[in-house]
Amino acid sequence: MKRIAILGSTGSVGTQTLEVIAAFPDRYSAHSLTARSRIDLLEEQCARFGPRMVAIRDAECAERARHTAELARGGSGQSGPSIHTGEEGLIEAVTHPDVDLVISALPGSAGLVPTLRAIEAGKTIALANKEILVMAGEIVMESARRNGVDILPVDSEHCAVHQCLAGQDPDRIQRVVLTASGGPFRDSDPAALSRMTSEDALNHPTWNMGQKVTIDSATLMNKGFEVIEAHWLFGLPVSKIDVVIHPQSIIHSMVEMVDGSLLAQMGPTDMRIPIQYALSYPERLESPWPRFDITRNWSLTLDPPDEAMFPCLGLAYESIRRGSTVPAVLSTADEMAVEAFLGQRIGFTDIPRIIADAMDRHLAGTDLTAPVTLESIMAADRWTRSFCEEKLIAG
Ligand code: MG
């Protein structure tokens, strides 16, 4: 029995992880559930999965949950989960000695410190939050190596690459090719992009995901983050990581070997498959999810991305070439810009503009040769938040 802690159990990956746990009740149990503020859903999850620990980041929401948990305990006579709050609470939930594996699925920078603490506690990490590697890839991978911890990718593209590389000599990789659906604006008139609303952008053609990652897919920043994620996970320079637009999302990614062979992993667009892969690795379990029939009449198209229309992809490559705290600025500026776009404070094409401005300003005032530490990353995160907030207020 693997006991699982979920950072972000009420989000898209979190709820789908619980579906996988429910499908294999004699193999997996939900030991710790954590959320930011969606208490109603968290309570439903507690009633169904009976976790031992619950952690809630938002203190006010935690008070409400504590109250209802007391009621539930009094009513049934059973002991409910222990309830923890704030970042400290998240850390307690993922580092508990009984936890075997942590699903890291809190979006943005919130998951960084709890995930690092889980690595230090020797927990296997199933990584769904790509911002953690974008912001602090060097620190995270170095800590994983030092603590002998496996980082298993839950992102479908990296799960695909992980599968293609099984049994391969990493020195014989020519390049990795990540596929992108291209998002809902792939075929839009570039002149119409600035008028696109969050409603248009949330209408993702193939994958069912959270709001942040869906907007990031529409700007191609998601793919930019994934290039950086692949760089750290597989130890490859970004010059060996390419992106192709593949609107059908049937090929989840490819690896070209030095002999010219191109290995691809394909399958349904169902996040429960990469989640299950990470939970069961290195085993494979027969799954109940819908299958994909490749013998039907499918056509697969592959096209280069339009980097002029979607500048976020180029910004991501630029950030990792600069290194240091620049990718952290990219990630936080994107988080702020996407939130402002969802709140209808800015337009779609303002997203890359704000990120580029934050990167330029940061580059002008930062010594890129100084060693990168968790403190310098958190300072860059705070600086970017205030820079973007000022910019958003100024318009
Ligand atoms: Mg992905």
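With positions in the sequence shown counted from 1, the corresponding number in the working numbering is that position plus 11. Note that the Cβ used here is the ideal one computed from N, Cα and C, for glycine as well.
In summary, isoleucine 404 is exposed, with fewer than 16 beta-carbon neighbours lying within 10 Å of its beta-carbon over all protein chains present. The Cβ neighbour count for tryptophan 243, taken over all protein chains shown within 10 Å, is at least 16; the residue is labelled buried. By the 16-neighbour rule on beta-carbons within 10 angstroms, tryptophan 309 is exposed.
Between the ligand MG and glutamate 237, a heavy atom-to-CB distance of less than 7 Å is present. Rounded to the nearest angstrom, the gap between the Cα atoms of glutamate 240 and valine 145 is 6 Å.
In this structure, leucine 341 and methionine 370 form a Cβ contact; the two beta carbons are roughly 6 Å apart against a cut-off of 8 Å. Counting only unbroken stretches of 3 or more residues, the beta strand (DSSP E) elements lying wholly within the region 161-223 are 162-164 and 184-191, in sequence order. DSSP places arginine 75 in the helix class (H, G or I) of the three-state scheme. Assignment of beta-bridge partners to glutamate 267 by DSSP yields Arg186 and Leu273. Taking 8 Å as the cut-off, the beta carbon of histidine 257 is found closer than this to the beta carbon of leucine 313. Judged by pairs of C-beta atoms under 8 Å, the region 218-233 does not touch the region 263-270, as fewer than three such pairs exist. Secondary structure of leucine 231 (DSSP, three-state): coil. If you check the C-beta of aspartate 166 against the ligand MG, you find a heavy atom less than 7 Å away.
Aspartate 37 and arginine 283 have their C-alpha atoms roughly 18 Å apart.
In terms of Cα proximity to lysine 223, the closest of Leu117, Ser20 and Pro322 is Leu117.
In the displayed model, arginine 128 falls within a helix according to three-state DSSP. In the three-state reduction of the DSSP assignment, histidine 373 falls in the helix class, which pools H, G and I.
Pairing alanine 66 with alanine 104 gives a Cβ-Cβ distance under 8 Å.
The region 45-65 and the region 151-169 do not touch, with fewer than three beta-carbon pairs separated by less than 8 Å.
Take the alpha-carbon of leucine 353 and the one of serine 209: they are about 6 Å apart. Judged by pairs of C-beta atoms under 8 Å, the region 15-33 touches the region 48-56, as three or more such pairs exist.
Counting along the chain, lysine 402 sits inside the alpha helix (DSSP H) bounded by residues 385-405. Per DSSP, leucine 52 lies in no beta strand (DSSP E); the unbroken alpha helix (DSSP H) holding it starts and ends at 50-60. Cα atoms of glutamine 179 and leucine 247: separation of roughly 14 Å, rounded to the nearest angstrom.
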